[in-house]
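Visitor: Following this message is one structure expressed as structure tokens.
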Amino acid sequence: MSSVSVVGLGAMGSALADALLAAGHTTTVWNRTPAKAEPLVERGALRAATVTDAATAGEVVVFCVLGYADVHALVDTAGAALSGRVVVNLTNGSPQEARELAVKVRALGADYLDGGIMAVPPMIGSPQALVLYSGSTASFEAHREVLQVFGRAVYLGDDPGQAPLHDLALLTGMYGMFAGFLQSAALVRSAGADVEGFTTTLLVPWLAAMAGGLPQMAAEAAEGAYPAAGSNLAMQAAAVDTLAGLGRAQGVSTELLAPLFALMRRRVEDGHGEEGLAGLVELLHRG
Ligand SMILES: NC(=O)c1ccc[n+]([C@@H]2O[C@H](COP(=O)([O-])OP(=O)(O)OC[C@H]3O[C@@H](n4cnc5c(N)ncnc54)[C@H](OP(=O)(O)O)[C@@H]3O)[C@@H](O)[C@H]2O)c1
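In terms of mature numbering (1 follows the signal peptide of the UniProt record, and there is no 0), the sequence shown is residues -17 to -1, 1 to 270.
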């Protein structure tokens, strides 16, 4: 069992501390507003009077506050008390913010791991929760058991920026899926049809079937070569004109997917109509 401190007891930090307690780890907690520590102390957590005390108490010090600026201020306050500790920052931010914070933490004589939580607080501690980590390899290996308490722990290498980059890439994929759902729900509703039935019996299985093709598209994007397997881009670009027309006819705005359709047409105009859809990566990432 390890001694772990959790700094920041909002919805997420409290869930993290709860999971540590449930797993039997000695858990010290600190929050700017002290009252939020009460329920955790009742369940067996130790209360730190200051963030410096929290840093002193834990071999592993987890930060989960609103933004990196808040973490910087707290790390500055704890200062030398962090020496010899492993700082695990689970606050959301950018890859560059993670790299800058890692430099500050290492200068204090601590190890740094950045993490991206792919879960909402009630999922923490369940097999459905995924947490991405990057930074010190030795610390990830040494504290893997603690980190797995929060959910499936996936390590992405020693560049601290990789966890937030992959976190944001996953969110990007999620919002793309939500965009498709929103547009199709609006279309079905505009026709007075059953949006819930459509979603459950048709859309979810359809998206699951289409997701099966993503690894092949990923291989093409990695290679930079886009052989069309039965559905070339020119054919798809022609079909999106029908989609846009349907939106206009139904009184449904087409603004959500219009940028995607414009990219498809541009790629065809550039002479890639016989290739596959994954070639749009070339327009998005210009190298
Ligand atoms: N909730 C989610 O679904 C979720 C999912 C993935 C990742 N995350 C990330 O987890 C982090 C925390 O989210 P949350 O849901 O726990 O947010 P939250 O419930 O709003 O809690 C925010 C926490 O940050 C603390 N805080 C804010 N500014 C501070 C400062 N200047 N100094 C010290 N403490 C400060 C707050 O302290 P007070 O109590 O004193 O205000 C509170 O403990 C965020 O970076 C978020 O993006 C959240």
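Heads up, the beta-carbon is just placed ideally off N, CA and C, and yes, glycines get one too.
1. Below 6 angstroms, is the gap between the Cβ of N14 and the nearest heavy atom of ligand 1?
2. Along the chain, which unbroken stretches of the beta strand (DSSP E) at least 3 residues long are found entirely within the stretch 64 to 114?
3. Looking at C-beta atoms only, is the number of pairs between the stretch 217 to 231 and the stretch 244 to 256 that lie closer than 8 angstroms three or more?
4. DSSP three-state call for V264: helix, strand or coil?
5. Considering only DSSP beta bridges, list what V(-12) is partnered with.
6. Return no unless some Cβ of chain C is closer than 7 angstroms to the Cβ of V103.
7. DSSP beta-bridge partners for E258?
8. In the DSSP assignment, the alpha helix (DSSP H) including V54 goes from what residue to what residue?
9. Take the Cβ of A64 as the centre, count every other Cβ of all protein chains shown within 10 Å, and call the residue buried at 16 or more, exposed below.
10. Identify every run of the beta strand (DSSP E) within the stretch 116 to 171, keeping only runs that are complete inside it and at least 3 residues long; order them along the chain.
11. From the DSSP output, in three-state form, read off R30 for me.
12. Between A194 and ligand 1, is there a pair consisting of the residue's CB and a ligand heavy atom that are separated by less than 6 angstroms?
13. With a threshold of 6 angstroms, establish whether the CB of I100 neighbours any heavy atom of ligand 1.
14. By the three-class DSSP mapping on this structure, what secondary structure does M251 have?
15. Does the distance from the C-beta atom of S117 to that of L139 stay below 7 angstroms?
16. Under three-state DSSP, which class holds R269?
17. Could you give the DSSP three-state label for D36: helix, strand or coil?
18. Less than 8 angstroms between the CB atoms is what I'm expecting for T11 and A31, so what's the real figure, rounded?
19. Whole-angstrom Cβ separation of A2 and G156, contact assumed at under 8 angstroms?
20. Taking contact to mean 3 or more Cβ pairs, one atom from each stretch, closer than 8 angstroms, check whether the stretch 66 to 84 and the stretch 142 to 154 are in contact.
21. CB A28 to CB A(-7), shorter than 7 angstroms?
22. Along the chain, where does the alpha helix (DSSP H) that runs through S(-4) open and close?
23. My guess is that G165 and L49 are in contact by the Cβ rule of under 8 angstroms, so how many angstroms apart are they, rounded?
24. Going straight from the alpha carbon of E252 to that of A169, what length do you get?
Guide: Per the coordinate set shown:
1. yes
2. Listed in chain order, the complete beta strand (DSSP E) runs (minimum 3 residues) inside the stretch 64 to 114 are 69 to 72 and 94 to 101.
3. Yes, since at least three Cβ pairs between the stretch 217 to 231 and the stretch 244 to 256 fall closer than 8 angstroms, the two stretches touch.
4. helix
5. According to DSSP, which records beta bridges pairwise, V(-12) is partnered with V12 and V45.
6. Annotation note: the requested chain C is absent from the structure, which comprises a single protein chain.
7. Per DSSP, P210.
8. Y51 to A61
9. buried
10. 135 to 138, all fully within the stretch 116 to 171.
11. strand
12. no
13. yes
14. One point to set straight first is that residue 251 is Val, not Met, in the sequence displayed. Three-state DSSP puts V251 in a helix.
15. yes
16. If DSSP states are grouped into helix, strand and coil, R269 belongs with coil.
17. helix
18. About 5 angstroms; that satisfies the 8 angstroms criterion.
19. In fact, because the Cβ distance is near 26 angstroms, the residues do not count as touching under 8 angstroms.
20. yes
21. No, the Cβ-Cβ distance between A28 and A(-7) is not below 7 angstroms.
22. A(-7) to A5
23. Checking the displayed sequence, the identity of residue 165 turns out to be Leu instead of Gly. Rounded, the Cβ-Cβ distance is 27 angstroms, inconsistent with contact.
24. Distance between E252 and A169, taken at the CA atoms: about 30 angstroms.
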